[in-house]
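Novice: Take a look at this one; I'll ask things after.
2 protein chains.
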Amino acid sequence: MKKFEEKTVETQEIYDGKVVKLQVDSVTLPDGATSKREIIKHPGAVAIIALTDDDKVVMVEQYRKPLEKSIVEIPAGKLEPGEEPHVTAKRELEEETGYTTDNLQYITSFYTSPGFADEIIYLYFTDELKQLKENVEGDEDEFVELLELSLEEAEKLVKEERVHDAKTAYALLYLRMRK
Amino acid sequence: MKKFEEKTVETQEIYDGKVVKLQVDSVTLPDGATSKREIIKHPGAVAIIALTDDDKVVMVEQYRKPLEKSIVEIPAGKLEPGEEPHVTAKRELEEETGYTTDNLQYITSFYTSPGFADEIIYLYFTDELKQLKENVEGDEDEFVELLELSLEEAEKLVKEERVHDAKTAYALLYLRMRK
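So this is what it looks like as structure tokens:
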């Protein structure tokens, strides 16, 4: 849908980084006026709702520099260039948790911050996990700790704001509704 | 929690815009190595789950330049400097929908993109709406269309990817669970 479309007059590239790019678009608004839109370009990401055989939610704790705190999230990671989301999902599950699966079900996708970023998250579900025999190396600048929590334990962390991100909040509601 | 804390060695300010700031922090990792973190600073936002007397979900359609499409979302908006989230929530509800309320219940908050941004959304709920007698002016560069949809109609838009953002996806799950 293109309702209220804002046509690009000019794009100014501000920054091209490791994770994000920043550009400022000059746009024509529906009433003919002009404005500027600050846009973060992001490669997109996946996240995985993974349940162990004893019905625990597989989660990872990691430090999030923008928040200056560590939070507990479902496993997730960025798409590599040209990588299909379900391939990313299996790879990130293996790297972050030591589990793998042959049965990843696609649930939904959503943009995280549509006002200023094009980041999209593809969300998957599995309850058929197998332990990897050998650990798979992840990004060398990522430090994550594996947690396996009952849904009730995870929901308690929401109240404590130790679970504090949108995809994980969604995932826990999804699991609650599935019960 | 500060597990795996990444200490800032240096902050490089890249861009200071209307909505976002971009900085790159040089950090010391838990193993002593150094890395860079690209960080978007955002003022934070609110979103409102609002139900009409006949149980319709109040939503707004608007063009989202980063996605190059219009999507249907729950009403939302950015915090002004120093503004309390519940004040923002009432103001954005009035500006975007023509409704007001004296009963906003805080539900939860979540970071939208903890890997690269500090944007937090404070989520509110109301089912006590009153029509404003006069429209309140919103931002002059925002064009929004009001929609009032049954939960089933809104869920259909999720499947069509016309509802396609994290906060609205969360809101619709929340309403489904409330039934």
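These protein sequences, in sequence, are chains A and B. Each residue of the first sequence is one higher than the one before, counting from 1 in full-length UniProt numbering. Each residue of the second sequence is one higher than the one before, counting from 1 in full-length UniProt numbering. Backbone N, C-alpha and C define an ideal beta-carbon position, used for all residues, glycine too.
Can you tell me whether T112 of chain B is helix, strand or coil according to DSSP?
Specialist: Coil.
Novice: Checking contacts by CB at 9 Å: is D146 of chain A closer than that to chain B?
Specialist: The identity of residue 146 of chain A in the sequence shown is Leu, whereas the question assumes Asp. No, no contact with chain B.
Novice: So, at 6 Å on beta carbons, what are the nonlocal neighbours of K130 of chain A in its own chain, with the 5 sequence-adjacent residues on each side left out?
Specialist: Only T100 meet the Cβ criterion.
Novice: Going residue by residue through the region 130-166 of chain A, where are the continuous beta strand (DSSP E) segments of at least 3 residues, counting only ones entirely within it?
Specialist: Those beta strand (DSSP E) runs which fall completely within the region 130-166 of chain A and span 3+ residues are 144-149.
Novice: Could you give the DSSP three-state label for T52 of chain A: helix, strand or coil?
Specialist: If DSSP states are grouped into helix, strand and coil, T52 of chain A belongs with coil.
Novice: Using a Cβ cut-off of 8 Å, pull out every chain B residue sitting near G32 of chain A, in sequence order please.
Specialist: Under the 8 Å cutoff, chain B gives no residues; its nearest Cβ is about 12 Å from G32 of chain A.
Novice: Please check the pair K65 of chain A and E6 of chain B, which I expect to be a contact at CB under 8 Å, by giving their CB distance rounded to whole angstroms.
Specialist: Confirmed, Cβ separation roughly 5 Å.
Novice: Report the neighbours of K65 of chain A on chain B: residues whose CB is nearer than 7 Å to its CB, in chain order.
Specialist: Correct list: E6, D25, V27, R37, I39.
Novice: Rounded to a whole number of angstroms, what is the C-alpha to C-alpha distance between Y174 of chain B and G32 of chain B?
Specialist: The alpha-carbon atoms of Y174 of chain B and G32 of chain B are separated by roughly 42 Å.
Novice: Below 6 Å CB to CB, which residues in the same chain sit around E95 of chain B once its five sequence neighbours on both sides are set aside?
Specialist: Once the five neighbours on either side are set aside, the close Cβ partners of E95 of chain B are V136, G138.
Novice: Out of B:I107, B:V72, B:A171, which has the shortest C-alpha to C-alpha gap to L147 of chain B?
Specialist: Checking every option, the nearest Cα to that of L147 of chain B belongs to B:V72.
Novice: Return the residue from the list B:L93, B:V9, B:P81, B:A76 that minimises the CA-CA distance to L132 of chain B.
Specialist: Here the closest residue by C-alpha is B:L93.
Novice: Would you say S70 of chain A and A117 of chain B are within 9 Å of each other, going by their C-beta atoms?
Specialist: No, Cβ-Cβ distance for S70 of chain A and A117 of chain B is not below 9 Å.
Novice: Tell me which residues share the same chain as T126 of chain B and place their Cβ nearer than 6 Å to its Cβ, disregarding the 5 neighbours each side in the sequence.
Specialist: Hits under 6 Å: A50, T101, N103, L104.
Novice: What does K69 of chain B touch in chain A if you count any residue whose Cβ is under 7 Å from its own?
Specialist: The contacting residues are M1, K2.
Novice: Ignore the nearest five residues each way along the sequence and tell me which others in G44 of chain A's own chain have a CB closer than 6 Å to its CB.
Specialist: Correct list, in chain order: L79, I120.
Novice: Within 10 Å of its beta-carbon, does T168 of chain A have 16 or more other beta-carbons around it, so buried, or fewer, so exposed?
Specialist: Classification for T168 of chain A: buried.
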